[in-house]
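Asks: If you count the sequence shown from 1, you need to add 1 to reach this note's numbering.
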Amino acid sequence: MLAANSGKVTNLRRITMMILDEADRMFDMGFEPQVMRVLDNCRPDRQTVMFSATFPRAMEALARRILIKPVEVQVGGRSVVSNEIEQHVWVVEEDGKFLKLLEVVGNYIHLGSVLVFVDKQEHADGLLKDLMNAGYSSCASLHGGIDQYDRDSTIVDFKNGKTQILVATSVCARGLDVKKLVLVVNYDCPNHYEDYVHRVGRTGRAGNEGFAFTFITKEQDWYSGDVIRALELSGSLVPQNLREMFEGFKLRMAQEGKKVKSGGGFGGTGFKFDETEATYTSEKKKYQKAALGLQDSDEDDHEQEIDAQIENLLSAKRTVKAMDGTSTTPATMGVNGKKDHVPVPMDKLAMAKQMAAKLTAKTATINKSEVEKTTEGFVRGTGGAPGQSFSAKSVADQLAARLNAKLNYVPGEGGEPLLRPVEEGGIFQKYEEELEINDFPQQARWKVTSKEALAQISEYSEAGITVRGTYYAPGKPVAEGERKLYLAIESTAELSVQKAKVEITRLLKEELLKLNTSAIHHINKGRYAVL
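1. State the beta-bridge partners of residue 170 as determined by DSSP.
2. Check residue 486 in the structure and name its three-state DSSP category.
3. Could you check the C-alpha separation between residue 34 and residue 40 for me, to the nearest Å?
4. Hey, residue 109 and residue 184: beta-carbon distance below 7 Å or not?
5. Return the chain-ordered list of same chain residues with a C-beta closer than 6 Å to the C-beta of residue 464, the five sequence neighbours on each side being excluded.
6. Whole angstroms is fine: what's the gap from residue 169's alpha carbon to residue 144's?
7. Residue 475 by DSSP, collapsed to three states: which one?
8. Relative to the C-alpha of residue 434, which candidate in 127, 211 and 505 has its C-alpha closest?
9. Between the beta-carbon of residue 188 and the beta-carbon of residue 216, is there less than 7 Å?
10. Counting only runs that start and end within the segment 181-228, where is the beta strand (DSSP E) found for 3 or more residues in a row?
11. Who are the Cβ neighbours of residue 129 in its own chain at under 8 Å, not counting the five residues just before and after it?
12. DSSP has residue 87 in a bridge; who is on the other side?
13. Look at the alpha carbon of residue 204 and the alpha carbon of residue 237, and state the distance between them as a whole number of angstroms.
14. Give me the Cβ distance between residue 224 and residue 192, rounded to the nearest whole Å; I'm assuming they're in contact under 8 Å.
15. Residue 488 and residue 470 - do their beta-carbons sit closer together than 7 Å?
16. With three or more beta-carbon pairs closer than 8 Å as the criterion, would you say the segment 228-247 touches the segment 94-102?
17. If I follow the unbroken beta strand (DSSP E) through residue 110, where does it start and stop?
18. Just verifying my parser: in three-state terms, what is the DSSP assignment at residue 469?
19. So is residue 155 buried or exposed if we call it buried at 16+ other beta carbons inside 10 Å?
20. If you drop the 5 nearest sequence neighbours on each side, which residues of the same chain put their C-beta closer than 8 Å to that of residue 158?
21. Could you give the residue range of the beta strand (DSSP E) that holds residue 143?
22. Would you call residue 80 buried or exposed, if buried means 16 or more other Cβ atoms sit within 10 Å of its Cβ?
23. On the three-state DSSP scale, how would you describe residue 52?
24. Relative to the C-alpha of residue 8, which residue among 431, 17 and 42 is closest?
25. The alpha helix (DSSP H) spanning residue 252 covers which residue range?
26. Go ahead and pull the three-state DSSP assignment for residue 30.
27. So for residue 23, helix, strand or coil by DSSP?
28. Considering only their Cβ atoms, is the gap separating residue 16 from residue 47 smaller than 7 Å?
29. Report buried or exposed for residue 467, applying the criterion of at least 16 other Cβ atoms within 10 angstroms of its Cβ.
30. DSSP three-state call for residue 11: helix, strand or coil?
31. Excluding the five sequence neighbours on either side, which residues of its own chain have a C-beta within less than 8 Å of the C-beta of residue 250, listed in chain order?
32. Given a threshold of 16 other Cβ atoms within 10 Å of its Cβ, counted over all protein chains shown, does residue 194 qualify as buried or as exposed?
33. Please name the residue or residues paired with residue 233 in a DSSP beta bridge.
34. Go ahead and pull the three-state DSSP assignment for residue 492.
35. Please report how far the alpha carbon of residue 45 lies from the alpha carbon of residue 13, in whole angstroms.
36. Within 10 Å of its beta-carbon, does residue 200 have 16 or more other beta-carbons around it, so buried, or fewer, so exposed?
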């Protein structure tokens, strides 16, 4: 609608408040370009509010791009199940899940409505049929395969109490608020932590008491880590057989040479290729595409190619310096760990000494007390007394003293410069990384060198970023003593430098993807096709 008729149909210029509900899911599902396009069309002085029960740190970097001076408000814990919900986890066999469901529903159906979660659409319809055969006539199913009108009708009936039991997939895990919902049953165990938190959060809302039961089979032991994490963070009791299941899963992964994350989550459960196998599989895939006439369909490899392109073009250069608080120059750490002081060029200092000596010789005959009085009056702006003379050196000395005091500079004996130490005798490391961006397309360079982008990256990573060097077109030789355009990242914390580099790489990748997409869309834009 915003793009229709060259933007003359409607616009968002009157919007002063933009609210994004379930904001993390929007970014997680890949709608970041659409969200950014809508936000770019709103007023720049708008207020933006984002709501979500869970907000992973990985999504936070994307969210910060559309927020200015964000304020985070937490109700309860961050990505934690509410204390009002009583959680139970049962390790059951696949054949005994339905009998357990009938047992749980029979104990709580008289208290209010029941929501049962499954993992697939066909499972929802099958379980609905089984519940009806078991005598529960007031049931309904809800999933992505149902028409939107029927979905709305089902939700209205469930909220009004006409339907007591709703069998649904994870489409109901977010945004569903039913006041009389007392029981949530995870008939099929959720496959990640955020999904578990949102599913269970359908009950126990607005201070009401709720109950949640999760069924997990022995074949689903890779889900046990996230369930244990959710129980521990919310202060609930973890069943012993669930812990044993997770320990068995970790032992099995260790035997296969795969590592399980300690934070409840896990990684490495899938098959991993070594370098030879990965090359063979990639070549086989290309041959299959060629045989089927799909040489141009490289969407799967598109992002990998862009990642490799960015890595080749950046040519990052990293240095670590040990800054000595008692010296004027950084001490670079050598191989043996000792400090190597960088020499300072003395040609300018020698020239300054010679000029000072000439000025001193010229003004040696002038009365010192009179010069000081006259100079002091001149510097203060009151002017000197009539008939009093003053030298340029005296004026320069007074101005230099003021400048030295402002810069925390103390001249040493013999004209050697000294700086007051920041840390008495202390040495702190300074991390620097240079990312050469000269060879990137113009749009990508502008994206990472704009003031707004640099300010946001610096605020997010807490690292200093400066644009240095000069842009040289392809094939143009670099002048002697010059460098191609690059970004310099500096910080006393290594993590800050890494965060800034990751964010810059992400922005470059985003622009390259946009350029490739726009190039594809501009093909065959003519009105007629020549056969």
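The C-beta atom is built at its ideal place from N, Cα and C for all residues, glycine as well.
Replies: Quick look at the numbers:
1. Here residue 170 corresponds to residue number 169 of the sequence shown, with the count starting at 1. Partner(s): none; residue 170 has no beta bridge.
2. Numbered from 1 along the sequence shown, position 485 holds the residue referred to as residue 486. Of the three classes helix, strand and coil, the one that applies to residue 486 here is coil, per DSSP.
3. As a working note, residue 34 is residue 33 in the sequence shown. As a working note, residue 40 is residue 39 in the sequence shown. Near 10 Å, if we compare the C-alpha coordinates of residue 40 and residue 34.
4. As a working note, residue 109 is residue 108 in the sequence shown. As a working note, residue 184 is residue 183 in the sequence shown. For residue 109 and residue 184, yes; Cβs fall inside 7 Å.
5. By one-based count along the sequence shown, residue 464 stands at place 463. Excluding positions up to five away in sequence, the list reads 490, 492, 497, 498 and 501.
6. The sequence position of residue 169 within the sequence shown is 168, counting from 1. The sequence position of residue 144 within the sequence shown is 143, counting from 1. So the alpha carbons of these two residues sit roughly 6 Å apart.
7. The count along the sequence shown starts at 1 and reaches residue 475 at position 474. Here residue 475 sits in coil by DSSP.
8. Working through the sequence shown from its first residue, we reach residue 434 at position 433. Among 127, 211 and 505, the Cα nearest to that of residue 434 belongs to 505.
9. If you number the sequence shown from 1, residue 188 lands on position 187. If you number the sequence shown from 1, residue 216 lands on position 215. Yes, the pair counts as a contact, with Cβ atoms nearer than the cut-off.
10. If you keep only unbroken beta strand (DSSP E) runs of at least 3 residues inside the segment 181-228, you get 182-187 and 211-217.
11. For the purposes of this step, residue 129 is identified with residue 128 of the sequence shown, where counting begins at 1. When the five nearest sequence neighbours on each side are left out, the beta carbons in the same chain lying within less than 8 Å of the beta carbon of residue 129 are those of 140, 141, 142 and 168, in order along the chain.
12. The sequence position of residue 87 within the sequence shown is 86, counting from 1. According to DSSP, residue 87 bridges with 212.
13. The count along the sequence shown starts at 1 and reaches residue 204 at position 203. The count along the sequence shown starts at 1 and reaches residue 237 at position 236. Going from the Cα of residue 204 to the Cα of residue 237 covers about 16 Å.
14. For the purposes of this step, residue 224 is taken as residue 223 along the sequence shown, with counting starting at 1. For the purposes of this step, residue 192 is taken as residue 191 along the sequence shown, with counting starting at 1. Right, the Cβ-Cβ distance comes to about 6 Å (below 8 Å), so this counts as a contact.
15. One-based indexing of the sequence shown puts residue 470 at position 469. One-based indexing of the sequence shown puts residue 488 at position 487. For residue 470 and residue 488, no; Cβs fall outside 7 Å.
16. With fewer than three CB-CB distances shorter than 8 Å, the segment 228-247 does not count as touching the segment 94-102.
17. Looking up residue 110 in the sequence shown gives position 109. It is not in any beta strand (DSSP E) - residue 110 carries neither H nor E in the DSSP assignment.
18. Residue mapping note: residue 469 aligns to position 468 of the sequence shown, counting from 1. Strand.
19. Numbered from 1 along the sequence shown, position 154 holds the residue referred to as residue 155. With 16 or more Cβ atoms within 10 Å of its Cβ, residue 155 is classed as buried.
20. Residue numbering aside, residue 158 sits at position 157 when the sequence shown is read from its first letter. Once the five neighbours on either side are set aside, the close Cβ partners of residue 158 are 141 and 164.
21. Residue 143 sits at position 142 when you count from the first residue of the sequence shown. Boundaries of the beta strand (DSSP E) around residue 143: 140-143.
22. Against the sequence shown, residue 80 aligns to sequence position 79. Buried: at least 16 other Cβ atoms inside 10 Å.
23. As a working note, residue 52 is residue 51 in the sequence shown. DSSP, reduced to helix, strand and coil, places residue 52 within a strand of the structure shown.
24. In the sequence shown, residue 8 corresponds to position 7, counting from 1. It is 42 whose Cα lies nearest to the Cα of residue 8.
25. The count along the sequence shown starts at 1 and reaches residue 252 at position 251. Segment 241-256, the alpha helix (DSSP H) holding residue 252.
26. Translated into the one-based positions of the sequence shown, residue 30 becomes position 29. Residue 30 falls in the coil class under three-state DSSP.
27. In the sequence shown, residue 23 corresponds to position 22, counting from 1. For residue 23, the secondary structure class from DSSP, reduced to helix, strand or coil, is coil.
28. As a position in the sequence shown, residue 47 is number 46, starting the count at 1. As a position in the sequence shown, residue 16 is number 15, starting the count at 1. Contact check for residue 47 against residue 16 passes: the beta carbons are separated by less than 7 Å.
29. Locating residue 467 in the sequence shown gives position 466, counting from the first residue. Flag for residue 467 reads exposed.
30. Looking up residue 11 in the sequence shown gives position 10. Reduced to three states, the DSSP call for residue 11 is coil.
31. Here residue 250 corresponds to residue number 249 of the sequence shown, with the count starting at 1. Hits under 8 Å: 222, 223, 225, 226, 261 and 267.
32. What you label residue 194 is simply residue 193 of the sequence shown in a count that begins at 1. The residue in question, residue 194, is buried, as its Cβ has 16 or more Cβ neighbours within 10 Å.
33. Counting from 1 along the sequence shown, the entry for residue 233 is found at position 232. Residue pairing by DSSP leaves residue 233 without any beta bridge partner.
34. Numbered from 1 along the sequence shown, position 491 holds the residue referred to as residue 492. Three-state DSSP puts residue 492 in a strand.
35. Taking the sequence shown and counting its residues from 1, the one referred to as residue 45 is at position 44. Taking the sequence shown and counting its residues from 1, the one referred to as residue 13 is at position 12. Rounded to whole angstroms, the gap between the alpha carbons of residue 45 and residue 13 is 11 Å.
36. Counting from 1 along the sequence shown, the entry for residue 200 is found at position 199. By the 16-neighbour rule on beta-carbons within 10 angstroms, residue 200 is buried.
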